[in-house]
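Residue numbers (our numbering), protein chains in the order written: chain D, 2 to 120; chain L, 13 to 564.
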């Protein structure tokens, strides 16, 4: 598992690749935390290359979402694969996150803060 | 690479000698902290002497100092042109002119990474070359002394934290950067800042660009980056630019077994850039430190493992003591099993008979280890305390939730399914907080018990109304409740067990006794996963209503 960080204007895009399970979540969590530590306030997580996310990974998303909203930041999830969507759906957490189909949409949405859905 | 225009070796009382290159047109020497070269001694005037450039020449003049300025022992009356080898005396301080004039070209250094070839302000070369060429000529004695000193200090018993401090200490006295940091590699290869030091107050995070870190830690290069301000590679490293870092020298912490991280020195002083000599010293220091870091890391890891082992054993005890045996009642057939993953799990189940009602809960705490085990124990305690006084299953979950939401900054959450079965009628109410949907098994085969909507797990949001399903279980009808460890179990090829395998398995067992359902499901998962160690706890609870026992 690897998490790539990209910068698109004021938006930081995190691209995890692989399974986010209990073991690999540590690296995922660290990558996102580093982005936040470096001052990222508009974060998109692109799940296009994630085929599995465990509760540990979801916990990371919740923590990140909380940290962001405490700092007037925003988080959006994009490219949810079916298994990831299912986990979020069954656990009732889907409505807690802003989800958009594509990374471009996510970036566009976050780049204009007025239109971003507050979390 | 272009070197600076004036290269001085600065020797002041009580300090290690220091090489500095000035890319300025004027260098002022004096006692004041506002000048370029500080000689802190009462025999030195605040602004004592000035070195300045005229064309390709550098000249020196006395700025009306009380005790005068000397060049090779002769007092400077008028501006005097400096030559390499000249020794300037300012009070007790000595400035040795190493090189003067227009930009001199130093050796072109090999750049092992194509990635950084087009990065003009950077020079890279294999650290091993730097090291082997290091101790030569007239500088040899002081350098050897420093290294010997370091080696001696490193030989004494020392903790990792103290060692890193010591290394930074030596880097500061020998190279005199404004800031220094040591980055170490974690198990997953990522670098983290393990220690740092600042000459003045901290001025933002010390960062390293990814490409530089890669060149140093993966390719074993020693690097100097000059003019960081102008370097596009640092476009995202805002804090470097903000804090005014102009030059970085970096060396790998490597030994024969590989790279442990890197040490980086930062300069913010205008006109001060790191030079080859600085890099040589840094590489030597880093090599000496790396051996010791490896050694300490091994010892600390062993200790940590022992501690962790103890902690896990304790967590295991907590967990085992909390899992209750399913109740044995004539009206109902119940079986349950939980198998923790490699460490200690966060799954839980519990039963409580209150009057003619069987209350049950199955949950999965997000996270592993002692924290999850303790939270699991908390949930069970709450369940046992709340169930007897709750009006309904949704009330029960709401109470658990509001307890777990209190001060839950770590966003620990628990998916949970709570149920209450009326032993007289078979009517069962189930409330679901983000948990996997259970299956109903019985005469009519298998069906998923899906609420009309999902609700979030416990511990995240206060005031949730949990969806409830009411099932009228007839004699022989039952429920199978499980946690995601079942479907997420993977085999050697990384395939998951999935509901595709779970459902046929349960279908075949739909009339089987509870014990058999649980055992057979575990058996199937184990056969599928073969010897692959599973990431998640696996829990299965099966219960079957036998019908009102008074008649039977």
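Beta carbons: idealized from backbone N, C-alpha and C, even for Gly.
N- and C-terminal bounds of the beta strand (DSSP E) containing residue i
| i | result |
| --- | --- |
| residue 53 (chain D) | 50-54 |
| residue 426 (chain L) | 426-434 |
| residue 552 (chain L) | 550-557 |
| residue 33 (chain L) | 30-34 |
| residue 195 (chain L) | 191-197 |
| residue 46 (chain D) | 43-47 |
Rounded straight-line distance, which links the Cα of residue j to that of residue i
| i | j | result |
| --- | --- | --- |
| residue 80 (chain D) | residue 47 (chain D) | 6 angstroms |
| residue 480 (chain L) | residue 493 (chain L) | 15 angstroms |
| residue 19 (chain L) | residue 188 (chain L) | 15 angstroms |
| residue 23 (chain L) | residue 195 (chain L) | 31 angstroms |
| residue 76 (chain L) | residue 290 (chain L) | 33 angstroms |
| residue 174 (chain L) | residue 347 (chain L) | 55 angstroms |
| residue 41 (chain D) | residue 258 (chain L) | 24 angstroms |
| residue 95 (chain D) | residue 260 (chain L) | 45 angstroms |
| residue 502 (chain L) | residue 87 (chain D) | 18 angstroms |
| residue 445 (chain L) | residue 391 (chain L) | 13 angstroms |
| residue 278 (chain L) | residue 48 (chain L) | 17 angstroms |
| residue 39 (chain D) | residue 221 (chain L) | 13 angstroms |
| residue 92 (chain D) | residue 451 (chain L) | 16 angstroms |
| residue 474 (chain L) | residue 426 (chain L) | 13 angstroms |
| residue 307 (chain L) | residue 264 (chain L) | 17 angstroms |
Member of the options whose CA lies at the smallest distance from the CA of residue i
| i | options | result |
| --- | --- | --- |
| residue 74 (chain D) | D:11, D:52, D:92, D:104 | D:11 |
| residue 69 (chain L) | L:456, L:96, L:234, L:400 | L:96 |
| residue 60 (chain D) | L:424, L:358, L:196 | L:424 |
| residue 430 (chain L) | L:401, L:453, L:395 | L:395 |
| residue 436 (chain L) | L:510, L:486, L:444 | L:486 |
| residue 56 (chain D) | D:36, D:84, D:76 | D:84 |
| residue 201 (chain L) | D:13, D:22, D:29, D:8 | D:29 |
| residue 375 (chain L) | L:447, L:53, L:45, L:442 | L:447 |
| residue 176 (chain L) | L:459, L:297, L:370 | L:297 |
| residue 230 (chain L) | L:531, L:87, L:541, L:273 | L:273 |
| residue 432 (chain L) | L:483, L:457, L:455 | L:483 |
| residue 184 (chain L) | L:456, L:407, L:27 | L:27 |
| residue 553 (chain L) | L:470, L:495, L:475 | L:495 |
| residue 206 (chain L) | L:45, L:224, L:179, L:549 | L:179 |
| residue 378 (chain L) | L:295, L:472, L:73 | L:472 |
| residue 559 (chain L) | L:508, L:531, L:520, L:440 | L:440 |
| residue 511 (chain L) | L:490, L:523, L:533 | L:533 |
| residue 93 (chain L) | L:102, L:71, L:109 | L:71 |
| residue 428 (chain L) | L:434, L:411, L:455 | L:411 |
| residue 266 (chain L) | L:85, L:551, L:294, L:287 | L:294 |
| residue 67 (chain D) | D:52, D:16, D:51, D:37 | D:37 |
| residue 461 (chain L) | L:269, L:535, L:420, L:490 | L:490 |
| residue 91 (chain L) | L:110, L:65, L:79 | L:65 |
Closer than 8 angstroms at the beta carbon, the chain D residues around residue i
| i | result |
| --- | --- |
| residue 450 (chain L) | Here the premise fails: no neighbours, minimum Cβ distance about 12 angstroms. |
| residue 446 (chain L) | 91, 92, 93, 94 |
| residue 547 (chain L) | 22, 23, 24, 55 |
Assigned exposure category for residue i - 16 Cβ within 10 Å defines buried
| i | result |
| --- | --- |
| residue 361 (chain L) | buried |
| residue 198 (chain L) | exposed |
| residue 171 (chain L) | exposed |
| residue 292 (chain L) | buried |
| residue 547 (chain L) | buried |
| residue 406 (chain L) | buried |
| residue 41 (chain L) | buried |
| residue 519 (chain L) | exposed |
| residue 204 (chain L) | exposed |
| residue 515 (chain L) | exposed |
| residue 107 (chain L) | buried |
| residue 105 (chain L) | buried |
| residue 498 (chain L) | buried |
| residue 67 (chain L) | exposed |
| residue 8 (chain D) | exposed |
Listed by chain order, chain D residues near residue i by CB distance under 7 angstroms
| i | result |
| --- | --- |
| residue 472 (chain L) | 63 |
Chain-ordered neighbours of residue i on chain L, where CB pairs are closer than 9 angstroms
| i | result |
| --- | --- |
| residue 59 (chain D) | 378, 425, 469 |
| residue 70 (chain D) | Those within 9 angstroms of residue 70 (chain D) in chain L number zero; the least Cβ separation is about 12 angstroms. |
Within chain D, partners of residue i - CB distance below 9 angstroms
| i | result |
| --- | --- |
| residue 414 (chain L) | What residue 414 (chain L) touches in chain D: nothing, since even the nearest Cβ is about 17 angstroms away. |
| residue 500 (chain L) | 22, 53, 55 |
| residue 202 (chain L) | 28, 31, 32, 35 |
Neighbour list for residue i in chain L, Cβ cutoff strictly below 8 angstroms
| i | result |
| --- | --- |
| residue 90 (chain D) | 466 |
Alpha helix (DSSP H) segment containing residue i, residue limits
| i | result |
| --- | --- |
| residue 465 (chain L) | Run containing residue 465 (chain L): none; DSSP gives neither H nor E here. |
| residue 517 (chain L) | 510-520 |
| residue 411 (chain L) | 405-417 |
Interface partners of residue i on chain L, CB under 7 angstroms
| i | result |
| --- | --- |
| residue 67 (chain D) | 423 |
| residue 5 (chain D) | Residues of chain L passing the Cβ test: none, with the nearest at roughly 10 angstroms. |
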